[in-house]
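Notes to accompany the following structure.
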Amino acid sequence: MIFLWRTKIKTEYIRNFIKNSSWGIAYIFIGAILTFVTRKLFLDFLGIGLLSVGTLFTSIIGMLSVAELGVSGAVSYICYKPIAEKDKRQLSIIINSYKYINRTIGAVIFTIGLCFVPFLKYIIDIEIDEIYLYQIYILFLLTSVSTYFLAYNNVLLRADQKEYISTKVITLFFVLKSFVQIIVLILTESYLVYLSVDLVSNIALNVVIYKKVNKIYPFLKEKFEVSKREKKLVWKKLKYYIVGMAGVRVAGVVINNTGNIVVSMINTIYVGLIANFNIIVLLIVSIFNKIYASLIPMIGNVKNDKDSNKKLYEIFLNIFNTNSILTILVSVNFFIFSNNIIELWIGEKYRVSESIIVALSLKFYHELIKAPVWVFRDSLGFFNQCKNVLFIDAGLNLILSFFLGFMIGVEGVILAIAIAHLLTNFWYDAKILYRKYLNRNLSEYFIINIKYLILFIFLCCFVKYVYLNFNFNSFILNFIFINIFIFIFLCIAKFSFVKEIYFAITNRFK
């Protein structure tokens, strides 16, 4: 929170940020514990084959969600102004327009999803009954689509920095669902019943959140008289930001879901093996994302303050430096210990080769290091300026995934994401942010990124050498020793960062 202490931001923004991020992180940790338990039981009772199939179907349906085109992000962005002005009428018009859009998207995704059914057997290389395969897929599809018909008004909580309210409900439902699924696995060993619990839980969750949001914002149920001109203006705004967010959404969907489909063509079992490692990755990434998602409305509001360029630069620099140090810390730990964690958790047979660990570690580092720029892009709303390069990023990722996948193997598919991003919007997003909103030289961003990358690679190599030569034959002792070593090294390498923490804390309480 150093970047908040060192920056003059309204107390209300900080209070809402802390609530949102605290509840979000609590949900992530509770979810992680239950996910680790459920995954272990899933593999024991149903096996790696069905896990691979389920992960693949999640990616396929994730690809279909490209139809959403970033609408939720665009709606959230245009809600900031009427929220600040307490314009209930305008908010009601926006949310009701979003309701219509969301339900249309849900219908489109379901229809297109059904069209994929005959082709499923061609991208899976494990033996499984076709009817059973289709039943699994339909349950995944229904669970995904059900969200679009009820969860639309939750966007208002996000824009109003009150997402912690829905997070409480989501946490409760996730806990209940997980316990029921654990019982189902033990008593029935049925994947279809397991997925049915997920579907029912998702529908019930969306109904509860829908009613809760309407209770908090009762004006959403009021019927305002809306002129054609007002509707036209709202749709014009939505169209502008949706067009901008579409590039972000399409790129994100292609990048995040292409990999599993290509890996399945190489070897479907690897989809499930990598999914186990991705639980560890997603746990860390989710914590980072939850904190940053809570910052988006706050940064969006700072943009309208006096001396916004100076304030935004100060916020960005503090976020970036804090993020980079934490990214190096967790990425080096992942590189050293991920296989050990998998072995302790679900068994030695689920370990993967060192080359895959290297690829996953580089992808993990890349995933976290880019976050600050993306947070500012979403906060400041320069989606339209990025859309073309994002389409290039998505296309390049698709090509590289197939090319590197079939040339190198699974490692190539994993690295394709990072390579495509580095060649496209990694530098382009930063260029827009630095030149237009921060009034700074872009070379500053490249130099600091190169320094952190060198530090990360050096630490990975050096710590691996230390780990191999000073092994205590105890995971806990090794983990403690290695992290003390990393911490001391980072303190020496980034002494200025440590000084910044000290002065930020002491100045806060003077």
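In this text, residue positions in the sequence shown follow our numbering: the first is 76, and each later residue adds one.
From the three backbone atoms N, C-alpha and C, an ideal C-beta is built for every residue, glycine too.
- A direct Cα-Cα distance of roughly 13 Å separates L552 from N415.
- Rounded to whole angstroms, the separation of the alpha carbons of V146 and V488 is 29 Å.
- Taking a contact as a CB-CB distance under 8 Å, the pair Y173 and G456 does not count as one, their CB atoms being some 17 Å apart.
- DSSP places C190 within a helical segment (H, G or I) once states are collapsed to three.
- Taking a C-beta distance under 8 Å as the contact criterion, S454 and I374 qualify as a contact pair.
- Of the candidates S361, F224, I187, the residue whose Cα lies closest to the Cα of I103 is S361.
- Assigned with DSSP and collapsed to three states, C536 falls in helix.
- Check the Cα spacing between G347 and each of A107, F478, V112, G124: the tightest is with G124.
- In the three-state DSSP reduction, C461 falls in the coil class, being neither helix nor strand.
- The alpha-carbon separation between T333 and K243 amounts to approximately 32 Å.
- The region 391 to 406 makes contact with the region 434 to 443; the number of CB pairs closer than 8 Å reaches 3 or more.
- As the crow flies, the alpha-carbon of S413 is around 28 Å from that of A469.
- Taking a contact as a CB-CB distance under 8 Å, the pair L370 and V450 counts as one, their CB atoms being some 6 Å apart.
- Closest in alpha carbon position to L471, among I483, Q460, V485, L490, is L490.
- Going by DSSP, I153 is part of the alpha helix (DSSP H) stretching over 146 to 159.
- Where S253 is concerned, the enclosing alpha helix (DSSP H) starts and stops at 238 to 262.
- Non-local beta-carbon contacts of S253 in its own chain, meaning distances under 7 Å to residues more than five positions away in sequence, involve L109, T113 in chain order.
- Fewer than three pairs of CB atoms, one per stretch, sit closer than 8 Å, so the region 472 to 479 makes no contact with the region 422 to 430.
- The C-beta separation of V337 from G480 comes to about 5 Å, placing the pair in contact by the 8 Å criterion.
- Nearest neighbour of D204 by Cα position, chosen from V128, S271, L231, F185, turns out to be V128.
- In its chain, beyond the 5 residues on either side, S436, C535 have a beta carbon closer than 6 Å to the beta carbon of F410.
- The region 186 to 203 and the region 253 to 270 do not touch, with fewer than three beta-carbon pairs separated by less than 8 Å.
- A residue is called buried once 16 or more other Cβ atoms fall within 10 Å of its Cβ, and A495 is buried on that count.
- Excluding sequence positions up to five before and after N277, its CB lies within less than 8 Å of the CB of T218, S221, T222, all in the same chain and listed in chain order.
- The beta carbons of Y285 and L232 sit about 11 Å from each other, so the pair does not count as a contact at 8 Å.
- Around the CB of T343, 16 or more other CB atoms lie within 10 Å, so the residue is classed as buried.
- Taking a 10 Å sphere around the C-beta of D235, we find 16 or more other C-beta atoms and assign the residue as buried.
- Under the three-state reduction of DSSP output, I355 falls in the helix class.
- Here the alpha carbon of R178 sits roughly 9 Å from the alpha carbon of Y227.
- In this structure, K163 sits away from F363, with a CB-CB distance that is not shorter than 8 Å.
- In terms of CA proximity to G188, I211 leads the group I211, G106, I522.
- At the C-beta level, A326 and F111 stay beyond 8 Å of one another.
- Secondary structure of D468 (DSSP, three-state): helix.
- Residues I184, I187, G188 of the same chain have their beta carbon placed closer than 7 Å to that of L139, with the five preceding and five following residues left out of the count.
- Of all alpha-carbon atoms in F533, V275, P157, S167, the one lying nearest the alpha-carbon of F215 is that of V275.
- For V301, the three-state secondary structure derived from DSSP is coil.
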